[in-house]
Structures are given as C-alpha cells and as structure tokens.
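K.L.:
Counting the sequence shown from 1 gives a position; this note's numbering is that position plus 825.
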Amino acid sequence: MKNGPIFFLGLFAALTLSWAGTVLLANHQLGALAPYYDENESASFPVWQPGMAARGQLVYADLGCASCHTQQVRRPDFGADQARGWGERQSVARDYIFQARVQLGAARVGPDLANLGGRKAPYDPDELTLFLYTGILPGAKAVTHPPYKFLFDERTVVGETSKLALKVSAPAGTQVVPTERAQSLVAFLQSLNISYAYPEARPFVAEKKEGEHGAEKKEAPAAKKEGEKK
C-alpha cells in the first residue's frame, strides 16, 4: 500500500484521541469528585464504608450479583424506579466515590439495590442473612431468589449454640452459621443508601422557549398613546 505508514499513523492517532476523550476526559470530570459537606448537618456525604461493608462489595462482585441487579436509580422520565420505591431521587456519580468496584449492572431480573439500606422498610441483618440462606423474603410464601447455602457452614454444636446460628431446621446436634463472606455481603447491602439529596441530583427543568407547548406567553408591550414621551 502506497500510503500505508500514513494510514496507520492516522488510525493510531484516531484511536488515541478516542481513548483520551473517553477515559482521560471522564476521569478529569469525575475522578476528582469529593464528598459533599453539609454545614447544616456538620457531616460529609456519602459516608465511608466500614471495613466489613467494603469486603462485602468484593463478595457482591465475586458472586456476579450485578448480572441480575442494578445499582442505579433512573430519573422519573427514564422509568418508574422511584414509583417502585427504589429511591427518592436519581443516582449521581458522587454516590459511588467510595466504591472500589462500582456495580451498576445491566439487567434487572431482581430489583434495583442502590438504596436498599435507605428504604422505608429496610431488612435487618438477621432477615437479610436468612434470605440469603432460604431465598425467601420475610412474609413471602415462595422462593424469590436462589438460596446461597454455600455461604453458610453446618457445624456441630459444642457447648452453647452460636449467637449467629440461623433459626432453621438442621440435623440434630448441628447448627447453620453464616460465614464471614455472608456477613460481609449483608453489611454491604445494608450500607447501600443514596437517600441524601446532592445539589446535582435535583431534577433539571429546562426553560421552555416562547412558542413551545407549555411555555408562558409574554404580553406584548402596550402601545403608547399620542402625546406620551418616547
């Protein structure tokens, strides 16, 4: 090819510019985001995840939970997420600054979990732990989630029963106890709370131009009477 070197240099330049625009520009816009300090509450948001919740995020990613659950509440005009009770506002980039591996997800076989810990009727650790083992939500009559029994150990009771033992049927002399992975995953799920309203999370309402549907009509200036000063 006569102009082969020029072609490949142009191709390399195009790929480099595309990568820079996608990665470097996005990092410049979002990589420097810091917690938002609320002077009225004398606190910063989002709150740093404690150690067990941070480890639980790794368990969440390892189990592939993002293949069935999202962590992104959409705007009202993009879906019915808020009507379903998944959050009172849309998700924004600042919500994820303390997450090492953001799990936005791509499918919703199950409900969105972005605000699980901040919903009006949150599940306590015992209920979530039992749900992971049985796959049945409190009050439900049928399995709503694959049971993750591999996150639990069946141990022989030696002395007193463990305080962490589940109240489920088990062979005589044994108990079902959640592993450290199960406890970490529950801690992570409970830490998911995007209820704080950041300034950038407020819905943007574009001002409609004159003549558009719903725009306020401007009154024409009154004509000046003869003899009035211009």
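Each residue gets a CB set at the ideal place from its N, CA and C atoms; glycine is no exception.
Could you name the residues of the same chain whose beta carbon sits closer than 7 Å to that of Ala932, not counting the 5 residues immediately before and after it, in chain order?
P.N.:
Excluding positions up to five away in sequence, the list reads Ser892, Cys893.
K.L.:
Give every residue of the same chain whose Cβ lies closer than 7 Å to the Cβ of Tyr885, excluding the five residues on either side of it in the sequence, and list them in chain order.
P.N.:
The answer, listed in chain order, is Gln928, Leu1010, Phe1013.
K.L.:
What separation, rounded to the nearest whole angstrom, lies between the Cα atoms of Glu985 and Asp978?
P.N.:
For Glu985 and Asp978, the distance between alpha carbons rounds to 16 Å.
K.L.:
Rounded to a whole number of angstroms, what is the C-alpha to C-alpha distance between Lys988 and Leu840?
P.N.:
When rounded, the distance between both Cα atoms is 57 Å.
K.L.:
List in chain order: all unbroken alpha helix (DSSP H) runs of 4+ residues lying wholly within the stretch 926-957.
P.N.:
You should have found no qualifying run.
K.L.:
What residue does the beta strand (DSSP E) around Glu1005 start on, and which one ends it?
P.N.:
Segment 1005-1016 is the alpha helix (DSSP H) holding Glu1005; no beta strand (DSSP E) there.
K.L.:
Cβ of Arg980 within 9 Å of Cβ of Val1001?
P.N.:
The answer is yes: Cβ separation under 9 Å.
K.L.:
If you count every other CB in all the chains shown that lies within 10 Å of the CB of Asn940, and 16 or more means buried, which is it?
P.N.:
Its Cβ being crowded by 16 or more others within 10 Å, Asn940 is buried.
K.L.:
By a C-beta neighbour count over all protein chains shown, 10 Å radius and 16 as the cutoff for buried, is Ala1007 buried or exposed?
P.N.:
With 16 or more other Cβ atoms within 10 Å, it is buried.
K.L.:
Spatial neighbours of Asp906 within its chain, please: CB distance less than 7 Å, with the 5 preceding and 5 following residues excluded, ordered by chain position.
P.N.:
The residues are Val898, Arg899, Gly912, Asp937.
K.L.:
Under a Cβ-count criterion, where at least 16 other Cβ atoms within 10 Å of its own Cβ denotes burial, should Phe956 be classed as buried or exposed?
P.N.:
Burial call: buried.
K.L.:
Taking the beta carbon of Ile831 as the centre, do at least 16 other beta carbons fall within 10 Å, making it buried, or is it exposed?
P.N.:
Looking at its Cβ environment, which holds fewer than 16 other Cβ atoms inside 10 Å, Ile831 is exposed.
K.L.:
Helix, strand or coil, according to DSSP, for Arg880 in the structure here?
P.N.:
Correct three-state label for Arg880: helix.
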